[in-house]
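In what follows, a single structure is set out as structure tokens and then discussed.
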Amino acid sequence: MTWSVAVDGGQVAVLGEASPHGTLVVVPGVMNDAQDWSAFVQAIPGRPSVVVNRRGRAPSSPQGEKYSVELEVADLHAVLDAIPGPKDLLGWSYGGLIAAETATRREDVRSLVLYEPVSGPFAEHVSSAVRDAAQEADLDRLVEIVNIEIAGYNHDRVRSLRESPVWAHLRLLAQALPAEHAALNAFTPHYERYRALRIPADILAGTLSAAAGAPYAEALDRFVSAMPQAHLTWMEGLSHLAHVEAPAVLAAHLHAIHDRRGS
1125 MTWSVAVDGG QVAVLGEASP HGTLVVVPGV MNDAQDWSAF VQAIPGRPSV
1175 VVNRRGRAPS SPQGEKYSVE LEVADLHAVL DAIPGPKDLL GWSYGGLIAA
1225 ETATRREDVR SLVLYEPVSG PFAEHVSSAV RDAAQEADLD RLVEIVNIEI
1275 AGYNHDRVRS LRESPVWAHL RLLAQALPAE HAALNAFTPH YERYRALRIP
1325 ADILAGTLSA AAGAPYAEAL DRFVSAMPQA HLTWMEGLSH LAHVEAPAVL
1375 AAHLHAIHDR RGS
């Protein structure tokens, strides 16, 4: 089921069904859309869940000239306002930053899970390359930058991706990358508010991401330091893309959090 919420400058699409008794709200990050989380949602049957299809991803509206992290937060507020009852937020990567910022400003967020959240400064070494590729409308180059120069994957993996149907999907998602990367690095998180959160909070991270080092490991350290009350779980053998590569395993970690909290 796909439905939409009116936001400043257009609409944001939402995939899934909510419940007045409580809803898991998933906020994806860069180079992802709601459909990329479908396997994960299917792995948590019986739990009402929705996935936000952020700006720049059809059928949601384009990012627009006023695009910023604060605009993303406003969009998430609009989505949460449209969902009855308590909400449990799960934010991945850039979506983790958006979820954390939003959680500090609401009373109806029941819990927060951040899966490898990121914040600025993040991968600033690719800023000029991203700008150049955007000016040339070179979507293939943008996908390469994300996979090789940010994620650290080797050229063989990227070559395999190019030969698969996934590449066309990644090219579409890459259109939103330049504005998101710039917005991420222009935003100063309200870390002091994170420390003051009094709701159950968890941070998930893959051991493969930690082994890869910067930039994901550095960003993770900032959130861990800012949220000493959060329970940190290392997911053995998983990477930044666990929701795609091992959705059932990621779902099992979420179930474990649910059981530990007793909620």
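One point on numbering: in the working numbering, the residue at position 122 of the sequence shown is 1246, and numbering is uninterrupted.
We put the beta carbon where it would ideally sit given N, CA and C, even for glycine.
Since we're looking at a predicted model, the values are computed, not measured.
Give the single residue among I1381, A1292, H1382, V1373 whose Cα lies nearest to the Cα of A1167. In the sequence shown, counting from the first residue as 1, residue 1167 sits at position 43. Among I1381, A1292, H1382, V1373, the Cα nearest to that of A1167 is on V1373.
By how many angstroms is the C-alpha of A1224 removed from the C-alpha of P1075? With the chain covering 1125 to 1387 only, the question about residue 1075 has no answer from this structure.
Proximity to R1255 [Cα-Cα], best of E1196, H1305, P1210, S1235: By one-based count along the sequence shown, residue 1255 stands at place 131. Considering only alpha carbons, the answer is H1305.
Please check the pair I1323 and L1236, which I expect to be a contact at CB under 8 Å, by giving their CB distance rounded to whole angstroms. As a working mapping, residue 1323 is identified with position 199 in the sequence shown. As a working mapping, residue 1236 is identified with position 112 in the sequence shown. 6 Å between Cβ atoms; contact.
On the CB-based measure, 16 or more other CB atoms within 10 Å of its CB, does P1183 come out buried or exposed? Translated into the one-based positions of the sequence shown, residue 1183 becomes position 59. Its Cβ having fewer than 16 others within 10 Å, P1183 is exposed.
Considering only their Cβ atoms, is the gap separating P1241 from L1221 smaller than 8 Å? The residue labelled residue 1221 in the question sits at position 97 within the sequence shown. The residue labelled residue 1241 in the question sits at position 117 within the sequence shown. A contact, by the Cβ cut-off of 8 Å.
How many angstroms separate the CA atom of A1366 from the CA atom of A1325? Position 242 of the sequence shown, counted from the start, is the residue given in the question as residue 1366. Position 201 of the sequence shown, counted from the start, is the residue given in the question as residue 1325. Cα-Cα distance, rounded: 19 Å.
V1368: CB within 7 Å of a non-hydrogen atom of the ligand GTP: Looking at this structure, you won't find the ligand GTP or any other ligand, since it has none at all.
For the candidate residues A1198, I1207, W1127, whose alpha-carbon lies nearest to that of V1149? Taking the first residue of the sequence shown as 1, we reach residue 1149 at position 25. Checking every option, the nearest Cα to that of V1149 belongs to I1207.
What residues in its chain sit with their C-beta under 6 Å from that of R1385, if we drop five residues either side in the sequence? By one-based count along the sequence shown, residue 1385 stands at place 261. Cβ neighbours of R1385 beyond the five flanking positions: P1324.
Comparing C-alpha positions only, which one of D1264, A1137, G1153, R1286 sits nearest to Y1218? Residue mapping note: residue 1218 aligns to position 94 of the sequence shown, counting from 1. If we check each option's Cα against that of Y1218, G1153 comes out closest.
Using the rule of at least 16 other Cβ atoms within 10 Å of the residue's Cβ for burial, across every protein chain shown, is H1364 buried or exposed? Here the question's residue 1364 lines up with position 240 in the sequence shown. Its Cβ being crowded by 16 or more others within 10 Å, H1364 is buried.
Assuming contact is defined by CB atoms lying nearer than 8 Å, are V1176 and V1193 in contact in what I supplied? Here residue 1176 is taken as the residue at index 52 of the sequence shown, counted from 1. Here residue 1193 is taken as the residue at index 69 of the sequence shown, counted from 1. Not in contact: V1176 and V1193 (Cβ atoms no closer than 8 Å).
Residues bridged to S1143 (per DSSP): Counting from one through the sequence shown, the residue named residue 1143 turns up at place 19. Bridge partners of S1143: none, in fact.
I need the straight-line Cα distance from G1361 to A1334, nearest angstrom please. Taking the sequence shown and counting its residues from 1, one reaches residue 1361 at position 237. Taking the sequence shown and counting its residues from 1, one reaches residue 1334 at position 210. If I take the Cα positions, the gap works out to 10 Å.
If distances are taken between C-alpha atoms only, which option among G1133, A1298, V1267 comes closest to Y1191? Translated into positions along the sequence shown, residue 1191 becomes position 67. Checked all of G1133, A1298, V1267; the closest Cα to Y1191 is G1133.
Ignoring anything shorter than 4 residues or poking outside the region 1173-1243, list the alpha helix (DSSP H) runs there in chain order. 1193-1205, 1218-1227
In whole angstroms, give me the CA-to-CA distance for Q1159 and Q1187. The residue given as residue 1159 occupies position 35 in the sequence shown. The residue given as residue 1187 occupies position 63 in the sequence shown. The straight-line gap from Cα to Cα measures roughly 18 Å.
Give every residue of the same chain whose Cβ lies closer than 6 Å to the Cβ of R1181, excluding the five residues on either side of it in the sequence, and list them in chain order. Taking the first residue of the sequence shown as position 1, residue 1181 is located at position 57. Around R1181: D1157.
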